[in-house]
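Peer 1: Be aware that the sequence shown starts at 1, since it is given in the UniProt record's numbering, and climbs by one per residue. Backbone N, C-alpha and C fix where the C-beta goes; we use that ideal spot for every residue, glycine too.
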Amino acid sequence: MMKKLMNLLFSVSVAAVLCAAPTAAFAAQESVDKRLDVPANVVVTIENMRGEVEIIGTEETYAQVRGKLDEYATGMTFELADNNLTIRVEMPARGNFSGNHGSELEIHLPSSAELNISGVSSDFVVRDFSSDVQLNTVSGDIHAHSLRGKLNLTSVSGDIQSEKLTGRVTLKSVSGDIDDRDGAGSNASYSSTSGDIDVRTSVSDISAESVSGDVMLDLQSVSNLRLKSVSGDVKATLALTRNGRISANSVSGDVELLFSGAVDANLEANVSGGGSIVNDVNDARVEESKWGVGANLETRLGSGSGTIELTTMSGDIILRKK
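Right, here's the structure in full:
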């Protein structure tokens, strides 16, 4: 009799725990709706460990945070000190945060606010700001739209998608892809360690670097282009400005340049360790290595006012006109 009673109590206890667990986890996701008046040029620090955060620039002079906090959050800091606003989802110092319910927040700020954003397993959407943005996340994706200023966006193991970025742009991803569209401004830099880079921009000063990924660039008038690739191909469509410069280096990958309009530059291309040079921009002859491996091309295009230097190891160099 006692054994049956103990088994019954144990079964009831287990059932109670199983029923209560999801409810407790859900209940821990606190809803927030907070607002503060802030200066138009406020400097904002945003920290969120997990979840999704959308940050929107407006013409108003207030900051507003709405949504739900992480199920493990202990609260949220929302404080203005002088010209500095802190928005931080507070988490326990230690813990195994394996639940499925991260923060779900929408943040409205003055469009002229300066942003410093960080996260761990957090996706970010940022749009409609006209001041500097610094954003770092470890294993989250970044979506950026209509930003203007000094822009530094970095994700360690997430993708970066951006559109209409203007100013000094730096996009970095370690094991994710980068896709940038309709950019403008003074210069842009793209870097990915094991992902692809796909860019369409009117920026004239550009650098792109990829390891174990391909680089695809659809450009307009370029004054300075720097390309590096390891174990990936590079393809760029562009017009080279007078006195413009292109340097490209690839290991175990091809370099292909497609020129639109007249090209005025001294061109030097070298292939080593296997590979060939395809020259469709003029009638200059490609010199093959006397050792049977590698090739070289030196030629003057137009007035020769610019410079084009291309090297590959175990890859082809392809030069064409659009």
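Tell me where the beta strand (DSSP E) around serine 210 begins and ends.
Peer 2: Here residue 210 refers to the residue found at position 210 when the sequence shown is read from its first residue. Run containing serine 210: 205-211, per the beta strand (DSSP E) assignment.
Peer 1: Any chance you could list the beta strand (DSSP E) runs of at least 3 consecutive residues sitting entirely within the stretch 245-293, in chain order?
Peer 2: Segments of the beta strand (DSSP E) lying fully in the stretch 245-293: 255-259, 265-272, 277-279.
Peer 1: Answer with buried or exposed for glycine 95, where buried requires no fewer than 16 other C-beta atoms within 10 angstroms of its C-beta.
Peer 2: Taking the sequence shown and counting its residues from 1, the one referred to as residue 95 is at position 95. Exposed.
Peer 1: At 3 residues or longer, and completely inside the stretch 55-136: list those beta strand (DSSP E) runs for me, N to C.
Peer 2: List check, beta strand (DSSP E) in window: 62-68, 75-81, 84-90, 103-110, 114-129.
Peer 1: Give me the residue from Arg50, Lys150, Ile87 with the minimum Cα distance to serine 122.
Peer 2: For the purposes of this step, residue 122 is identified with residue 122 of the sequence shown, where counting begins at 1. The option with the nearest alpha carbon to serine 122 is Arg50.
Peer 1: Kindly indicate which residue of Asp283, Ser305, Leu301, Gly275 has the alpha-carbon position closest to the one of glycine 292.
Peer 2: The residue given as residue 292 occupies position 292 in the sequence shown. For the residues Asp283, Ser305, Leu301, Gly275, the minimum Cα distance to glycine 292 belongs to Gly275.
Peer 1: Under 8 angstroms by Cβ, that's how I've got arginine 181 and glutamate 209 pegged, so tell me the actual separation to the nearest angstrom.
Peer 2: Walking along the sequence shown from the start, residue 181 turns up at place 181. Walking along the sequence shown from the start, residue 209 turns up at place 209. Not really, about 19 angstroms apart at Cβ, beyond 8 angstroms.
Peer 1: Suppose contacts are defined by Cβ-Cβ distances below 9 angstroms. Is valine 286 in contact with isoleucine 277 by that definition?
Peer 2: Here residue 286 corresponds to residue number 286 of the sequence shown, with the count starting at 1. Here residue 277 corresponds to residue number 277 of the sequence shown, with the count starting at 1. Closer than 9 angstroms, so yes.
Peer 1: Touch check for the stretch 299-310 and the stretch 232-249: three-plus C-beta pairs under 8 angstroms?
Peer 2: Yes: at least three Cβ pairs fall under 8 angstroms.
Peer 1: If you run the structure through DSSP and keep just helix, strand and coil, what is threonine 44?
Peer 2: Start at 1 with the first residue of the sequence shown, and residue 44 comes out as number 44. Before going on, a small fix: residue 44 reads as valine here, not threonine. Valine 44 falls in the strand class under three-state DSSP.
Peer 1: So, glutamate 47 versus serine 112, is the Cβ gap smaller than 9 angstroms?
Peer 2: Within the sequence shown, the letter at position 47 stands for residue 47. Within the sequence shown, the letter at position 112 stands for residue 112. Not closer than 9 angstroms, so no.
Peer 1: If we ignore side chains and look at the alpha-carbon of each, how far apart do residue 347 and asparagine 116 end up?
Peer 2: An answer regarding residue 347 cannot be provided, because it is not within the stretch 1 to 322 covered by the chain.
Peer 1: In whole angstroms, what is the alpha-carbon distance linking leucine 36 and phenylalanine 78?
Peer 2: The residue labelled residue 36 in the question sits at position 36 within the sequence shown. The residue labelled residue 78 in the question sits at position 78 within the sequence shown. Rounded to the nearest angstrom, the two C-alpha atoms are 9 angstroms apart.
Peer 1: For the stretch 79-86 against the stretch 100-108, are there 3 or more C-beta pairs whose distance is under 8 angstroms?
Peer 2: Touching, no.
Peer 1: Can you look up aspartate 141 in the DSSP assignment and give me helix, strand or coil?
Peer 2: As a first step, residue 141 must be located in the sequence shown, where it is residue number 141. Three-state result, aspartate 141: coil.
Peer 1: Is phenylalanine 124 near the ligand ADP, going by C-beta to nearest heavy atom under 8 angstroms?
Peer 2: Ligands are entirely absent from the displayed structure, and the ligand ADP is therefore not among its contents.
Peer 1: For threonine 193, which three-state DSSP category applies?
Peer 2: Taking the sequence shown and counting its residues from 1, one reaches residue 193 at position 193. In this structure, threonine 193 counts as coil in the three-state DSSP scheme.
Peer 1: If you reduce the DSSP assignment to three classes, tell me which class lysine 322 lands in.
Peer 2: Your numbering for residue 322 matches position 322 in the sequence shown. Lysine 322 falls in the coil class under three-state DSSP.
Peer 1: With DSSP as the reference, label glycine 185 as helix, strand or coil.
Peer 2: What you label residue 185 is simply residue 185 of the sequence shown in a count that begins at 1. Strand, per DSSP.
Peer 1: Rounded to a whole number of angstroms, what is the C-alpha to C-alpha distance between serine 31 and glycine 57?
Peer 2: Position 31 of the sequence shown holds residue 31. Position 57 of the sequence shown holds residue 57. Spanning the two alpha carbons is a distance of roughly 22 angstroms.
Peer 1: Have a look at asparagine 152 and arginine 226 and give me their C-alpha separation to the nearest angstrom.
Peer 2: Translated into the one-based positions of the sequence shown, residue 152 becomes position 152. Translated into the one-based positions of the sequence shown, residue 226 becomes position 226. Looking at the two C-alpha atoms, the distance is approximately 19 angstroms.
Peer 1: Can you give me the Cβ contacts of serine 272 inside the same chain, cut-off strictly under 6 angstroms, excluding the 5 residues immediately before and after it?
Peer 2: If you number the sequence shown from 1, residue 272 lands on position 272. Cβ within range, chain order: Gly294, Met313.
Peer 1: Anyone know if the C-beta pair for leucine 217 and serine 189 falls short of 9 angstroms?
Peer 2: Indexing the sequence shown from 1 puts residue 217 at position 217. Indexing the sequence shown from 1 puts residue 189 at position 189. Cβ distance not < 9 angstroms, so leucine 217 and serine 189 don't count as in contact.
Peer 1: Valine 32 lies in the beta strand (DSSP E); which residues open and close that run?
Peer 2: Position 32 of the sequence shown, counted from the first residue, corresponds to residue 32. Element bounds for valine 32: 31-37.
Peer 1: Report yes if the CB atom of leucine 109 is closer than 9 angstroms to the CB atom of glycine 67, and no otherwise.
Peer 2: Position 109 of the sequence shown, counted from the first residue, corresponds to residue 109. Position 67 of the sequence shown, counted from the first residue, corresponds to residue 67. No, the pair does not count as a contact, with Cβ atoms beyond the cut-off.
Peer 1: The beta strand (DSSP E) spanning glycine 306 covers which residue range?
Peer 2: As a position in the sequence shown, residue 306 is number 306, starting the count at 1. From DSSP, the beta strand (DSSP E) with glycine 306 extends over 306-313.
Peer 1: Hey, arginine 320 and phenylalanine 259: beta-carbon distance below 9 angstroms or not?
Peer 2: Here the question's residue 320 lines up with position 320 in the sequence shown. Here the question's residue 259 lines up with position 259 in the sequence shown. Cβ distance < 9 angstroms, so arginine 320 and phenylalanine 259 count as in contact.
Peer 1: Closest by CA to serine 212, which one among Asp233, Ala184, Arg88?
Peer 2: Within the sequence shown, residue 212 is the residue found at index 212, counting from 1. Of the listed residues, the one whose Cα sits closest to serine 212 is Asp233.
Peer 1: Look up glutamine 161 in the DSSP assignment and give the residues it is bridged to.
Peer 2: Working through the sequence shown from its first residue, we reach residue 161 at position 161. His143, Asp179, per the DSSP bridge assignment.
Peer 1: Which residue or residues does DSSP assign as beta-bridge partners of aspartate 316?
Peer 2: Working through the sequence shown from its first residue, we reach residue 316 at position 316. Answer by DSSP bridge pairing: none, since aspartate 316 is not bridged.
Peer 1: Once the 5 residues before and after glutamine 29 are set aside, which same chain residues still bring their CB inside 6 angstroms of it?
Peer 2: Residue numbering aside, residue 29 sits at position 29 when the sequence shown is read from its first letter. Excluding residues within five positions, the ones whose Cβ falls inside 6 angstroms are Lys68, Glu71, His101.
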